[in-house]
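Every position in the sequence shown, counted from 1, becomes a number in our numbering once 145 is added.
No residue lacks a Cβ here, since even glycine has one placed at the ideal position from N, Cα and C.
Only one structure is covered here, and it is reproduced in the block below.
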Amino acid sequence: SIVDYKFDKISLRVRQLPVGNDAAPNDYANLKLSVYPNNNNQPDFSSLTASSVIANIYNPDGNADLTFHFVSPATFSANSKFWLALEVESYSDSRGFSRNEWRNAVINTNPYSQGEAASVRVKTAGGAYSYGGFAIEPNNDWYVKIGLER
Numbered sequence: 146s147i148v149d150y151k152f153d154k155i156s157l158r159v160r161q162l163p164v165g166n167d168a169a170p171n172d173y174a175n176l177k178l179s180v181y182p183n184n185n186n187q188p189d190f191s192s193l194t195a196s197s198v199i200a201n202i203y204n205p206d207g208n209a210d211l212t213f214h215f216v217s218p219a220t221f222s223a224n225s226k227f228w229l230a231l232e233v234e235s236y237s238d239s240r241g242f243s244r245n246e247w248r249n250a251v252i253n254t255n256p257y258s259q260g261e262a263a264s265v266r267v268k269t270a271g272g273a274y275s276y277g278g279f280a281i282e283p284n285n286d287w288y289v290k291i292g293l294e295r
C-alpha cells in the first residue's frame, strides 16, 4: 500500500494534578501515547498502530513539550483518520489511579479543521481493558506537534 504520511514522534503538553485535598501530585507515572486507526469515527482499540511510553514522569511542566518517540514510524494513507490516546500505563504506587489526575493541553479555537478531540473512560480488570463513554469534543483540539526524526 502507498504511504502518504508517517511520523515517529509526537509532542504534547500534560499536567498532573492532585485529587482531593492533596496539595501536590502524589506518584510517578508511566505515560503511554498510542496511535489507533479509525473505526466508525472512533478509535479501533483492538488494532494498535504504534505506542510509546515515557517512564517515571512526576509533575511535568505543563507549559513544556513532552515528546514521545516511536520505535518504528506510524504510517497512513491520504485522508485516513487516526486517533491518539494518552493514558497512564502504571504508577509507582498502586494507589496512584485514585490519587492523581492528568490533563492534556487542548485549544478551543479549532485550529485543526480536520482534527477531532474526544474522551473515553478506560478501566482495567484482571489485565483486560474495557472502554466506555466515548464522546467527541467538537470545540477542542489537542495541542500537539507531530513529526519525523529519521
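Ranked by how close their Cα comes to the Cα of A280, the residues S264, V164, V289 have S264 in first place. In the displayed model, F190 falls within coil according to three-state DSSP, outside both helix and strand. For S239, there is no enclosing beta strand (DSSP E), as DSSP marks it with neither H nor E. With contacts defined as CB atoms closer than 9 Å, R244 and V164 qualify as a contacting pair. By the CB criterion at 9 Å, L176 and V216 fall outside the cutoff. Taken through DSSP and simplified to helix, strand or coil, P182 comes out as strand.
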